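Residue numbers (the numbering used here): 35 to 142. Where a beta carbon is used, it is the ideal one built from N, C-alpha and C, also for glycine. Since we're looking at a predicted model, the values are computed, not measured. One structure is given here, and the rest of the page talks about it.
Next comes the structure, spelled out in structure tokens:
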């Protein structure tokens with residue numbers, strides 16, 4: 035199975051979460067709980083790839099044989115700046131973006 039994320043970079047992030055600065059300031063405990071829960075889930079997913087593959091089968095029609103060999107993302111709480119740069123270059127090259135994104139502004 036070809037997967038454009040892995041072919042761009044095996045380190046490419048497939049998701050990210052953000053909130054307003056007011057929420058960070060006024061609901062710091064909630065934000066911290068969310069971060070902790072996300073980090074725990076990412077660590078679990080990284081350590082249990084077979085369970086990840088099984089769960090994928092609950093919301094897709096991907097058969098078990100394909101799921102057993104499909105590439106999985108790296109589940110991590112840190113963004114890969116180099117992978118994001120590659121994605122920005124590809125998006126610019128293929129016309130999705132008019133100019134390279136300012137990753138220093140976008141990423142933590």
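Report the rounded CA-to-CA distance for residue i versus residue j, giving the unit in angstroms.
| i | j | result |
| --- | --- | --- |
| residue 127 | residue 72 | 33 Å |
| residue 55 | residue 61 | 10 Å |
| residue 68 | residue 112 | 15 Å |
| residue 142 | residue 123 | 19 Å |
| residue 145 | residue 58 | The first residue shown for the chain is 35 and the last is 142, placing residue 145 beyond what the model contains. |
| residue 129 | residue 110 | 29 Å |
| residue 137 | residue 99 | 38 Å |
Could you name the residues of the same chain whose beta carbon sits closer than 8 Å to that of residue i, not counting the 5 residues immediately before and after it, in chain order?
| i | result |
| --- | --- |
| residue 46 | 39, 40, 107, 114, 117, 118, 120, 121 |
| residue 139 | none |
Going along the chain, which residues of its own chain have a beta-carbon closer than 7 Å to the beta-carbon of residue i, five neighbours each way excluded?
| i | result |
| --- | --- |
| residue 86 | 79, 106 |
For residue i, which three-state DSSP category applies?
| i | result |
| --- | --- |
| residue 78 | helix |
| residue 83 | helix |
Determine the extent of the alpha helix (DSSP H) in which residue i is found, giving its start and end residues.
| i | result |
| --- | --- |
| residue 57 | 55-60 |
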